[in-house]
Amino acid sequence: MPRDVIELDLEEEADRLGDRLDSIAEAEVAGEITSTEAKQLAGEVEQQMFALEEALDEYGPDATWSIRAFTPGEKAELTGLISRAKDQAERAGRDVDVEAMLDNYWAGAGLVEAPFLDAGAELQDRIAAVRDTPSPYLAEWISNRVTEENTLGNGHRKSYSERVAAKKGDAPDEPTSDEPS
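This is the structure we're talking about:
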């Protein structure tokens, strides 16, 4: 059975990315991360934020965008499709950016509605639409949002990265669930 559909407001999502940029800037100024790390993190976030702004300009603020989490069966099907695509690319001797390919598959699998997507599109059609239509940074953002919806986090237990940070003495002992780890 499919999971609940999450409606996305691109204006709010762009603001959320802006807040993330503020957090990165604060961490750099506080010396928590190096300037190089901050620039790398900020560059990725900025590209996604600009892609959202471009999508707002192209499709308008009233366009419907929604995603959802996967069932275990859908995740298994998606994993199989990704494996087959990687194998096919290797056999054909093509140089494929695996991260970009994963973004396309993950985003396409979790996308329910988008202005460039046909209503009721099947999995393969959604993946193809993500691969062929939006900017790569919009596809990356969609993939990240789908990942957030597919990542469990109830705030009662610390994630692995939080445990490592606590061992290093860099983080509070309380779990957080504000940002994906």
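Counting from 1, position 51 in the sequence shown corresponds to residue 51 in UniProt numbering; the numbering is continuous, with no gaps. Here a beta-carbon is modelled for each residue, glycine too, at the ideal position from N, C-alpha and C. None of the values given here were measured: they were computed from a predicted structure.
Using a Cβ-Cβ distance under 7 Å, would residue i count as near chain B?
i, result
"residue 10", "The chain inventory of the structure shown lacks chain B, comprising one protein chain alone."
Taking C-beta to C-beta, are residue i and residue j nearer than 7 Å?
i, j, result
"residue 142", "residue 111", "yes"
"residue 100", "residue 53", "no"
"residue 32", "residue 64", "no"
"residue 138", "residue 129", "no"
"residue 24", "residue 146", "no"
"residue 104", "residue 131", "yes"
"residue 82", "residue 108", "no"
"residue 59", "residue 134", "no"
"residue 47", "residue 17", "no"
"residue 10", "residue 56", "yes"
Pull up the DSSP beta-bridge partners for residue i, would you.
i, result
"residue 74", "In DSSP, residue 74 forms no bridge with anything."
"residue 68", "5"
"residue 111", "67"
Helix, strand or coil for residue i, going by three-state DSSP, please let me know.
i, result
"residue 202", "Outside the shown range of the chain (1 to 181) lies residue 202, about which nothing can therefore be said."
"residue 117", "coil"
"residue 159", "coil"
"residue 169", "coil"
"residue 175", "At residue 175 the pLDDT is 48, less than 50, meaning the model places this residue with poor confidence and gives no usable figure here."
"residue 148", "helix"
"residue 81", "helix"
"residue 136", "helix"
"residue 122", "coil"
"residue 181", "Reliability fails at residue 181, whose pLDDT of 35 lies under 50, so the model's placement of it is uncertain and no value is given."
"residue 164", "helix"
Tell me whether residue i counts as near the ligand PLP, meaning its Cβ is closer than 6 Å to at least one heavy atom of that ligand.
i, result
"residue 135", "Looking for the ligand PLP in the displayed structure turns up nothing, as the structure carries no ligands at all."
So within the stretch 4-66, which uninterrupted beta strand (DSSP E) runs reach at least 3 residues, ignoring any that extend past its ends?
5-8
For the 8 Å Cβ check, are there 3 or more pairs between the stretch 40-47 and the stretch 86-101?
no
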